[in-house]
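The block underneath contains the structure these notes are about, expressed in structure tokens.
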Amino acid sequence: MSPADALDDENTFKILVAARHVATDIHLGFMEKDAVRGNDTFVTLDEILRLPSRKTLHTCLELLRKYCIGDRPVQFEIISDQSVSFGFSKFPWVNYQDGNLNISIPVFSIHGNHDDSTGADALCALDILSCAGFVNHFGRSMSVEKIDISPVLLQKGSTKIALYGLGSIPDERLYRMFVNKKVTMLRPKEYENSWFNLFVIHQNRSKHGSTNFIPEQFLDDFIDLVIWGHEHECKIAPTKNEQQLFYISQPGSSVVTSLSPGEAVKKHVGLLHIKGRKMNMQKIPLQTVRQFYMEDVVLANHLDIFNPDNPKVTQAIQSFCSEKITVMLENAERERLGNSRQPEKPLIRLRVDYSGGFEPFSVLCFSQKFVDRVANPKDIIHFFRHREQKEKTEEEINFGKLITKPSEGTTLRVEDLVKQYFHTAEKNVQLSLLTERGMGEAVQEFVDKGGRGQNSTSRGESQRGRAGAGLETTTRSRSSKAAVSTSGNMSILDVFKSTRQQPSRNVATKNYSEVIEVDESDVEDDDIFPTTSKTEQRWSSASSSKRTSQSQTAKGVDFESDEDDDDDPVMNISSLRRNRR
Numbered sequence: 001m002s003p004a005d006a007l008d009d010e011n012t013f014k015i016l017v018a019a020r021h022v023a024t025d026i027h028l029g030f031m032e033k034d035a036v037r038g039n040d041t042f043v044t045l046d047e048i049l050r051l052p053s054r055k056t057l058h059t060c061l062e063l064l065r066k067y068c069i070g071d072r073p074v075q076f077e078i079i080s081d082q083s084v085s086f087g088f089s090k091f092p093w094v095n096y097q098d099g100n101l102n103i104s105i106p107v108f109s110i111h112g113n114h115d116d117s118t119g120a121d122a123l124c125a126l127d128i129l130s131c132a133g134f135v136n137h138f139g140r141s142m143s144v145e146k147i148d149i150s151p152v153l154l155q156k157g158s159t160k161i162a163l164y165g166l167g168s169i170p171d172e173r174l175y176r177m178f179v180n181k182k183v184t185m186l187r188p189k190e191y192e193n194s195w196f197n198l199f200v201i202h203q204n205r206s207k208h209g210s211t212n213f214i215p216e217q218f219l220d221d222f223i224d225l226v227i228w229g230h231e232h233e234c235k236i237a238p239t240k241n242e243q244q245l246f247y248i249s250q251p252g253s254s255v256v257t258s259l260s261p262g263e264a265v266k267k268h269v270g271l272l273h274i275k276g277r278k279m280n281m282q283k284i285p286l287q288t289v290r291q292f293y294m295e296d297v298v299l300a301n302h303l304d305i306f307n308p309d310n311p312k313v314t315q316a317i318q319s320f321c322s323e324k325i326t327v328m329l330e331n332a333e334r335e336r337l338g339n340s341r342q343p344e345k346p347l348i349r350l351r352v353d354y355s356g357g358f359e360p361f362s363v364l365c366f367s368q369k370f371v372d373r374v375a376n377p378k379d380i381i382h383f384f385r386h387r388e389q390k391e392k393t394e395e396e397i398n399f400g401k402l403i404t405k406p407s408e409g410t411t412l413r414v415e416d417l418v419k420q421y422f423h424t425a426e427k428n429v430q431l432s433l434l435t436e437r438g439m440g441e442a443v444q445e446f447v448d449k450g451g452r453g454q455n456s457t458s459r460g461e462s463q464r465g466r467a468g469a470g471l472e473t474t475t476r477s478r479s480s481k482a483a484v485s486t487s488g489n490m491s492i493l494d495v496f497k498s499t500r501q502q503p504s505r506n507v508a509t510k511n512y513s514e515v516i517e518v519d520e521s522d523v524e525d526d527d528i529f530p531t532t533s534k535t536e537q538r539w540s541s542a543s544s545s546k547r548t549s550q551s552q553t554a555k556g557v558d559f560e561s562d563e564d565d566d567d568d569p570v571m572n573i574s575s576l577r578r579n580r581r
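Quick note: the sequence shown, position 259, residue 259 per full-length UniProt numbering, numbers continuous.
Written out as structure tokens, the structure is:
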């Protein structure tokens, strides 16, 4: 679309794409208490709203009232059901159609991660502005289980825009909802191919983890242009996604909030012209943004200048860093745009990699010489060390396969296995002294507390023997104490050693769709506890082998153990019973 075709006529939409409309991430009020940088956000927002120029104001409501209220008629109309798009508001209609308001420039905005809905009423800052009639808040999801994105249908002459919006949602949650196909974008039934589909989103675009971002492939391919907020690096020129065949414009933030490489890119806003199904993005550089320069230095690459063994190497490094910062300050002075409202002191960040035996110096003492020249003297230098990757050995151990996790829904507790065994065991191996409940609770307490404090529960429960045991109270008490005293020397893994089962290591890869490539595959491990049939087989084999090796068979359960028989609590109880007989 040529600039001549992008003139303001009855069929052309003109949309300001900047740090809210389309401008993203204004961060209004960021560092407002800072003596040097306190007014940066207000000055830049004033510039965004004063295209064409207006008088500088210092608060958001004053600026919106200044630039959005007036007698200038709005040239487009909304033809969709407004109660669907603005149904969460007490005033479910667009502000310029309110008879009590006189809006000349309507602002449509979604909420970001810093003004997410909170509190019992789930209100955010945009709800206040929307209630006052300054902003049209849309794209708010009222459900955490399923999202239906209904567009705001705009029409100006023959040009039709379907405006989709989705306010900020935690990335992990939204990622799962996309994977589970719980996000639906509704399309108008009439003239489906005549709409210009514009989608506004505020999520992580770059990958911060396996699910802590939203892949571009998750979005529907019928979209024409995506305005992607939240990311601070300015990439406002539309770039094409070759897989989904839509364009993405990332306006970035209008103010530097972190001293990172992405913030060093020059800030722009955009004036988007849409006529029919064609678009044109006009980049407008911001002239009131505080300058920011960043450079990296690797000391190990300058061994001809710096020797780690030299006792005066620190002074040499300080002089080198001072020269680097001076050069950046000279570049900042030379590249100033001459705007009287642009802050004078630039932001400077020198990142120093001191790997290779070097030592960092005091940044506070070093930065005193630049206090009057930079806006951030306290963090003008950032020291870091490059992490050295260890050489891989020939045989790598996959610890993830060694440590297995039970699948959800099939997890068994230890006391359940004990109870299950005694319900299915033969009569000659049933408990005659200890109760099943007492044994299960004692084992569970041993597992939960790691062997600490199990005396009270195990002793109290074990004294409730069965009626046919033939033992007096004093004998039961002595035998119970013997069992408790030795149990501290035994591991619960030794007691249940015979019930262990080697887990299988089958690896199953889950592909969420034909388009998305997932780097990390899900490992489905079997339960660490055996199934019922295998448990019975192992207990039966263990008890039968024990009965074969012993001349007398006790009525209690004989556990296999690596400890000596004298340390086995059950063996001690059996010996007492034989002695009494």
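Beta carbons: idealized from backbone N, C-alpha and C, even for Gly. Computed from a prediction, not measured in an experiment: that's the story for all the values here.
Cβ shell of L272 (< 7 Å), same chain only, five flanking positions each side left out: So the qualifying residues of the chain are I15, V17, V22, M279 and M281.
Short Cβ contact (7 Å threshold) for G438 with V418: In this structure, G438 sits away from V418, with a CB-CB distance that is not shorter than 7 Å.
Enclosing beta strand (DSSP E) for T239 [first to last residue]: In the DSSP annotation of this structure, the continuous segment of the beta strand (DSSP E) that includes T239 starts and ends at K235 to K240.
Among R290, G165 and K369, nearest to G338 - alpha-carbon criterion: Of the candidates R290, G165 and K369, the one whose C-alpha sits nearest the C-alpha of G338 is R290.
Segment contact flag, the region 213-224 with the region 191-203, C-beta cutoff 8 Å, min 3 pairs: In this structure the region 213-224 touches the region 191-203; the number of beta carbon pairs closer than 8 Å is three or more.
Enclosing alpha helix (DSSP H) for S206 [first to last residue]: For S206, no alpha helix (DSSP H) run applies, since DSSP gives it neither H nor E.
Which residues DSSP lists as bridging residue 584, in chain order: In the structure displayed, the chain extends from 1 to 581; residue 584 sits before or after that span and is not available.
For I325, three-class secondary structure by DSSP: Helix at I325.
Contact check, L350 vs A375, beta carbons under 7 Å: In this structure, A375 does not lie closer than 7 Å to L350 by Cβ.
When N212, L63, V298 and V226 are compared against T44, the one with the closest alpha-carbon: If we check each option's Cα against that of T44, L63 comes out closest.
Burial state of S253 (16 or more Cβ within 10 Å): Buried is the call here.
Straight-line Cα distance separating V183 from D127: Approximately 23 Å, taken between the alpha carbons.
Contact check, L101 vs G133, beta carbons under 7 Å: Yes.
V298 to D353 span [Cα, whole Å]: The straight-line gap from Cα to Cα measures roughly 5 Å.
Straight-line gap, I492 to D416 (C-alpha atoms, nearest Å): Note on I492: pLDDT 45, under 50, position unreliable in the model; no value is reported.
Contacts around M328, its chain only, beta-carbon distance under 7 Å, and the 5 residues preceding and following it disregarded: Excluding sequence neighbours, M328 sits near Y293, E295 and I348.
Contacting residues, own chain, Cβ-Cβ under 8 Å from H302 (five flanking each side not counted): Excluding sequence neighbours, H302 sits near F320.
Pair within 7 Å by beta-carbon distance, V135 and V107: In this structure, V107 lies closer than 7 Å to V135 by Cβ.
Within 7 Å, strictly: CB atoms of F366 and Q318: Cβ atoms of F366 and Q318: closer than 7 Å.
Among H386, P343, D379 and F361, the one whose alpha carbon lies nearest that of S355: Of H386, P343, D379 and F361, the residue nearest in Cα terms is H386.
Beta carbon of G209 nearer than 7 Å to that of H232: Taking C-beta atoms as the reference points, G209 and H232 fail to come closer than 7 Å.
Y293 - containing alpha helix (DSSP H), residue span: Not the alpha helix (DSSP H): Y293 falls in the beta strand (DSSP E), residues F292 to V298.
Beta-carbon proximity check, H27 vs G112, cutoff 7 Å: In this structure, G112 does not lie closer than 7 Å to H27 by Cβ.
Boundaries (first-last residue) of the beta strand (DSSP E) holding M281: Segment K278 to P285, the beta strand (DSSP E) holding M281.
DSSP bridge partner residues for A162 (one or two, in chain order): The partner list for A162 (beta bridge, DSSP) reads L153 and N197.
Start and end residues, alpha helix (DSSP H) containing Q250: Per DSSP, Q250 lies in no alpha helix (DSSP H); the unbroken beta strand (DSSP E) holding it starts and ends at Y247 to Q250.
N- and C-terminal bounds of the beta strand (DSSP E) containing V183: Looking at the DSSP string, the run of the beta strand (DSSP E) that includes V183 is V183 to M185.
Local Cβ density within 10 Å of I274, reported as buried at 16 or more and exposed below that: By the neighbour-count criterion, in which 16 or more other beta carbons inside 10 Å mark a residue as buried, I274 falls on the buried side.
Contact set for T314: own chain, Cβ-Cβ below 8 Å, skip 5 residues either direction: For T314, where only same-chain residues beyond five positions count, the Cβ hits under 8 Å are E359 and F361.
Residues bridged to V352 [DSSP beta-bridge criterion]: Looking at the DSSP assignment, V352 forms a beta bridge with V297 and F383.
Contacting residues, own chain, Cβ-Cβ under 7 Å from L286 (five flanking each side not counted): In its chain, beyond the 5 residues on either side, T44, E47, S254, K267, H268 and V269 have a beta carbon closer than 7 Å to the beta carbon of L286.
I128 - DSSP class collapsed to helix/strand/coil: Helix at I128.
Presumed contact (8 Å Cβ cut-off) between L174 and S150, rounded CB distance: The Cβ separation is near 17 Å, so there is no contact.
Exposure of Y191, with buried meaning 16 or more beta-carbon neighbours within 10 Å: Classification of Y191: exposed, given that the 10 Å Cβ count is below 16.
Extent of the continuous alpha helix (DSSP H) run through K275: Looking at the DSSP string, K275 is not in any alpha helix (DSSP H); the run it does join, the beta strand (DSSP E), is H268 to K275.
Beta-carbon spacing of N11, G165 below 7 Å: Not in contact: N11 and G165 (Cβ atoms no closer than 7 Å).
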